[in-house]
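Chains as they are written, first to last, in our numbering: chain A, 5 to 283; chain B, 77 to 177.
In this text, a Cβ means the ideal position worked out from N, Cα and C, and glycines have one as well.
As the structure is a prediction and not an experimental result, all values here were calculated from the model.
Inspection log for the structure reproduced underneath, given as structure tokens.
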Amino acid sequence: MNEEKKDLIELITKIVTAASALIAGIAIPVVLNYNEEKNRQSQLYVQIMSQREQSDSALRERMFNALITSYFGKEVATDPEKQIMYLHLLTLNFQEFFDAKPLFEDLDKKLTGESRRRLQHIAREVADRQVNMLTKPDHKPAELMLCREQLDDCTATGAFSVKGRQRDYHFNVELLRVGESEVFLRVSPAQGATPAESFDFKPIEFEVSYYDTPFMNNTRLTDGSRFAFALKNSDPKAKIALLKVVTFPEEFMSLRDRPYFDEMLAKVREENGGNFLKR
Amino acid sequence: MKRRFWTGLLLCCFVSAAAIAEASDLFGTVRLKGQPLPNTVVTLKDGREDLQTKTNLRGYYSLRDIEPGKYTLVIQLRDRSTRQVPVYVFPQSTEKNIDLK
Chain A
5 MNEEKKDLIE LITKIVTAAS ALIAGIAIPV VLNYNEEKNR QSQLYVQIMS
55 QREQSDSALR ERMFNALITS YFGKEVATDP EKQIMYLHLL TLNFQEFFDA
105 KPLFEDLDKK LTGESRRRLQ HIAREVADRQ VNMLTKPDHK PAELMLCREQ
155 LDDCTATGAF SVKGRQRDYH FNVELLRVGE SEVFLRVSPA QGATPAESFD
205 FKPIEFEVSY YDTPFMNNTR LTDGSRFAFA LKNSDPKAKI ALLKVVTFPE
255 EFMSLRDRPY FDEMLAKVRE ENGGNFLKR
Chain B
77 MKRRFWTGLL LCCFVSAAAI AEASDLFGTV RLKGQPLPNT VVTLKDGRED
127 LQTKTNLRGY YSLRDIEPGK YTLVIQLRDR STRQVPVYVF PQSTEKNIDL
177 K
């Protein structure tokens with residue numbers, strides 16, 4: 005009986021050893037191969053993305069250089085109509101990197117009549133597009149009609165709010181002056197009903213022209229929330245202005261603020277415990 | 077007599093040209109409780125001459141050659157009732173979107 009039991013134990017040991025060897029022989033290479041393939045895929049993905057980013061940057065660089073060189077070139081610099089077209093192209097393609105306000109203002113001085121109206125129209129179109137890009141269901145722009153001289157229910161002051169991470173910020177805005185293509189405003193914090201509603205913000209006075217765009221000219225609050233003004237219309241004779249106040253969603257990140265691609269990948273890897281392709 | 081005629085004509089031309097240069101346009105969308113209002117008569121009243129147009133299928137309207145200033149926009153609904161909306165037409169193209177409740 006004991007002999008039989010001993011034989012059985014020996015047999016089981018042999019089978020288990022053989023099975024373990026078999027499993028190890030098959031499973032270990034499979035696992036290694038799988039991990040290797042996964043790493044190779046990650047590397048390939050990173051490589052493709054980096055190359056795409058590089059070629060995109062190179063293309064944009066060439067395009068920007070060509071446009072800006074042509075803009076200041078002899079042929080275009082003497083033809084305001086062509087300057088308008090080149091400026092339009094620049095703002096359409098590089099609105100997140102490039103503040104074209106000085107170029108717009110410079111051209112504005114040279115133009116009169118219909119050409120000037122067209123230039124202002126282009127600038128308003130760019131600002132409108134940016135306002136639309138920033139508009140989200142919980143971040144709708146506020147429209148403010150401000151009049152230096154009272155007209156019906158229109159007055160020189162208005163109010164708007166910015167949704168912050170922790171709280172809402174309430175501001176008052178006053179129209180100080182209406183120029184030919186710009187207005188001057190004073191923005192101050194609204195007096196809160198309770199101390200908790202008050203916040204530290206020094207009143208600021210600034211100019212908003214048709215050539216200001218939300219992406220370039222905005223005010224950042226301490227918690228990272230931002231707001232910007234876009235001048236929609238103005239009438240210097242009647243001293244009236246129509247403005248849009250756009251607030252930025254928290255997750256908004258302009259291309260200028262965008263981190264380097266490597267940093268972004270590192271962050272994703274970190275979040276996924278070292279595995280880039282984990283979903 | 078001839079000189080007066082030509083001076084008058086020149087003055088008329090100058091005034092008309094100035095008026096055309098100042099003329100602006102008004103555009104926007106008319107909605108009722110968030111829905112576009114198609115084929116709706118939109119009238120711009122300034123006490124002198126009224127300007128009228130109809131909204132298209134998307135509720136969009138546009139009026140041209142308007143002198144900048146304060147006006148009333150009258151919207152005639154299908155049940156023949158009217159809604160009045162004050163509007164200020166700026167020297168530049170003015171957008172006025174209306175959402176009736």
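Residue i, DSSP secondary structure in three states
i, result
"P141(A)", "coil"
"Q51(A)", "helix"
"E118(A)", "helix"
"N43(A)", "helix"
"S61(A)", "helix"
"E211(A)", "strand"
"F188(A)", "strand"
"M149(A)", "strand"
"A70(A)", "helix"
"K206(A)", "coil"
"P240(A)", "coil"
"A94(B)", "Residue confidence for A94(B) is low, a pLDDT of 46 falling below 50, so the modelled location carries little weight and cannot support an answer."
"Q134(A)", "helix"
"G135(B)", "coil"
"R56(A)", "helix"
"L235(A)", "strand"
"R230(A)", "strand"
Per-residue burial, residue i [other beta carbons within 10 Å of its own, 16 or more giving buried]
i, result
"Y49(A)", "exposed"
"G123(B)", "exposed"
"N173(B)", "exposed"
"A123(A)", "A quick correction: the sequence has Leu, not Ala, at residue 123(A). With 16 or more Cβ atoms within 10 Å of its Cβ, L123(A) is classed as buried."
"G117(A)", "exposed"
"E186(A)", "buried"
"Q111(B)", "exposed"
"N222(A)", "buried"
"A31(A)", "exposed"
"I244(A)", "buried"
"I151(B)", "buried"
"I88(A)", "buried"
"T21(A)", "exposed"
"F101(A)", "exposed"
"Q160(B)", "exposed"
"T170(B)", "buried"
"I52(A)", "exposed"
Residues bridged to residue i (per DSSP)
i, result
"Q154(A)", "None; Q154(A) has no bridge partner."
"L176(B)", "L108(B)"
"F101(A)", "Paired residue(s): none; F101(A) is not in a bridge."
"K121(B)", "T148(B)"
"V165(B)", "G145(B)"
"S100(B)", "I142(B)"
"P193(A)", "F175(A)"
*Determine, using beta-carbon pairs with one atom in the region 32-52 of chain A and one in the region 78-87 of chain A, whether at least three such pairs fall under 8 angstroms.*
no
*What residues in the region 163-176 of chain A bring their beta carbon closer than 9 angstroms to a beta carbon of chain C?*
In the displayed structure, chain C is absent; the protein chains listed are A and B.
*asked:* Does the structure place the region 135-153 of chain A close enough to the region 234-251 of chain A that three or more beta carbon pairs sit under 8 angstroms?
replied: yes
*Using a Cβ-Cβ cut-off of less than 8 angstroms, list which residues of the region 137-165 of chain B approach chain A; keep chain order.*
P144, G145, K146, P162 and Y164
*asked:* Which residues of the region 100-128 of chain B have a Cβ closer than 8 angstroms to any Cβ of chain A? Give them in chain order.
replied: none
*asked:* Along the region 124-142 of chain A, where does the CB come closer than 8 angstroms to a CB of chain B? Name the residues.
replied: Q124, H125 and R128
*When the Cβ atoms of the region 205-223 of chain A are set against those of the region 126-139 of chain A, are three or more pairs found closer than 8 angstroms?*
yes
_Along the region 219-230 of chain A, where does the CB come closer than 9 angstroms to a CB of chain B? Name the residues._
none
*Decide if the region 54-71 of chain A is in contact with the region 170-188 of chain A; the criterion is three or more beta carbon pairs, one per stretch, under 8 angstroms apart.*
no
*Got a sec: which bits of the region 104-125 of chain A sit with their beta carbon under 9 angstroms from any beta carbon on chain B, in order along the chain?*
G117, E118, R121, Q124 and H125
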